[in-house]
Amino acid sequence: MKSNEALGALADLLLSGSVEVVDLAAVLGPDTPLIKLPPELAVDTPKIEIHKISAYDDKGPWWAWNWLKLGEHSGTHFDAPRHWITGKDYSDGSTDTIAPQNFVAPVNVIDCSKQSSADHDYLLTAEDVKAWEAEHGAIRPGEWVVMRTDWYKRNGSEAEFLNANETGPHAPGPSVDCIEYIISTGAIGWGSETIGTDAGQAGGMEPPFPAHSLMHKANRYGLASLCNLDKLPAKGAILIAAPLKIENGTGSPCRVLALVPKA
Numbered sequence: 044m045k046s047n048e049a050l051g052a053l054a055d056l057l058l059s060g061s062v063e064v065v066d067l068a069a070v071l072g073p074d075t076p077l078i079k080l081p082p083e084l085a086v087d088t089p090k091i092e093i094h095k096i097s098a099y100d101d102k103g104p105w106w107a108w109n110w111l112k113l114g115e116h117s118g119t120h121f122d123a124p125r126h127w128i129t130g131k132d133y134s135d136g137s138t139d140t141i142a143p144q145n146f147v148a149p150v151n152v153i154d155c156s157k158q159s160s161a162d163h164d165y166l167l168t169a170e171d172v173k174a175w176e177a178e179h180g181a182i183r184p185g186e187w188v189v190m191r192t193d194w195y196k197r198n199g200s201e202a203e204f205l206n207a208n209e210t211g212p213h214a215p216g217p218s219v220d221c222i223e224y225i226i227s228t229g230a231i232g233w234g235s236e237t238i239g240t241d242a243g244q245a246g247g248m249e250p251p252f253p254a255h256s257l258m259h260k261a262n263r264y265g266l267a268s269l270c271n272l273d274k275l276p277a278k279g280a281i282l283i284a285a286p287l288k289i290e291n292g293t294g295s296p297c298r299v300l301a302l303v304p305k306a
């Protein structure tokens with residue numbers, strides 16, 4: 044099939060509803076959970092603020108609009124390589140320089156929901172990923188890999204979403220060898236349903252925060268606080284994750300979407 048015919052077929056499938064668009068993003072607003080960092084490491088992202096400019100009133104009689112105050116890594120968001128020190132030198136590593144071709148790609152969804160429910164500190168390993176590939180097929184270069192945990196169902200409560208106690212945050216994520224293996228497949232990025240792309244206890248790994256440190260060192264991307272991964276098949280969906288084109292941006296809140304064949 045020629046490329047123009049393939050696009051025409053996709054358009055027909057979208058219009059007929061045979062391919063549906065699944066929203067993988069959380070609502071962005073003042074109550075959006077934000078990551079909390081140890082005070083000795085960094086300053087936390089400020090709470091999201093939405094300020095009215097006008098709403099059909101004397102400040103603008105026919106229109107309504109707002110101005111926003113928010114961090115680049117708020118809510119469902121895209122991590123560019125320059126987000127981490129290991130990726131700071133890539134000329135194509137900020138949200139305004141990444142090739143737009145990279146914002147649309149097939150996605151592999153690894154279901155870890157049962158393990159994550161039983162163990163909030165569950166770590167997906169390289170062997171787990173290889174076992175998943177044996178069942179569902181290989182991860183190909185240029186594809187996304189995302190970890191389904193159903194953690195997004197906690198997103199309505201910051202305390203439940205962060206799940207922190209005196210020993211720190213507890214949330215599932217990848218092991219070091221998991222990220223090393225995913226990079227070796229040529230995958231374009233790694234995504235999770237938790238507040239960040241790493242496990243809650245990843246600060247104690249070597250290297251610390253491997254999903255950030257290693258993925259961005261390899262000029263790959265991250266997606267955090269994803270939602271509704273339980274609505275995607277293991278393979279066969281297309282992920283669309285286009286960050287705002289922020290000058291020298293290290294990341295961006297993102298309306299992540301998936302094109303999914305309807306059963």
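In my numbering, the protein residues as written are 44 to 306.
All C-beta atoms in this analysis are idealised placements derived from N, C-alpha and C, irrespective of residue type, glycine included.
Between the CA atoms of residue j and residue i - distance to the nearest angstrom
i    : j    : result
A306 : L50  : 21 Å
W105 : S97  : 9 Å
W127 : D193 : 26 Å
S46  : I182 : 23 Å
P276 : S61  : 15 Å
C155 : T140 : 33 Å
A52  : L58  : 10 Å
E236 : K196 : 9 Å
G103 : G118 : 30 Å
N198 : D87  : 18 Å
M258 : L77  : 21 Å
P39  : T240 : What is shown of the chain runs 44 to 306, which leaves residue 39 out entirely.
C270 : I226 : 23 Å
S295 : D55  : 31 Å
I289 : F121 : 12 Å
G72  : P286 : 17 Å
D164 : M190 : 14 Å
N291 : A123 : 10 Å
W187 : L282 : 8 Å
E203 : T228 : 33 Å
E48  : A177 : 33 Å
G247 : A161 : 21 Å
P143 : L272 : 23 Å
S256 : A148 : 22 Å
Residue i and residue j closer than 7 Å at C-beta
i    : j    : result
V65  : K278 : no
A254 : W233 : yes
I153 : G185 : no
P89  : L167 : no
A267 : V150 : no
L67  : A301 : yes
N262 : Y133 : yes
V299 : E63  : no
Same chain only: Cβ atoms within 8 Å of residue i, ignoring 5 sequence neighbours per side
i    : result
H94  : N109, W110, L111 and K112
Y224 : A169, V172 and K173
P212 : K79, L205, N206, I238, G243 and Q244
Span of the beta strand (DSSP E) around residue i
i    : result
V86  : Element bounds for V86: n/a, residue is neither H nor E.
S235 : G232 to S235
Identity of the residues DSSP links to residue i by a beta bridge
i    : result
K59  : What sits at residue 59 in the sequence shown is Ser, not Lys. In DSSP, S59 forms no bridge with anything.
G216 : L166
F121 : L266 and S295
D66  : L300
E223 : For E223, which the question treats as bridged, DSSP gives no partner whatsoever.
R191 : D154
W110 : H94
I283 : V147 and L300
G246 : Note: G246 sits in no beta bridge, so no partner.
N208 : G211
Sequence-distant residues of the same chain with beta carbon closer than 6 Å to residue i, five excluded per side
i    : result
G125 : In the sequence on display, residue 125 carries Arg and not Gly. Cβ neighbours of R125 beyond the five flanking positions: K131, G136, S137 and T293.
Start-to-end residues for the alpha helix (DSSP H) that takes in residue i
i    : result
K102 : That residue, K102, is in no alpha helix (DSSP H); it is neither H nor E in DSSP.
L205 : E201 to L205
A254 : P253 to K260
Residues near residue i in its chain [Cβ-Cβ closer than 7 Å; skip 5 each side]
i    : result
K260 : T129 and G130
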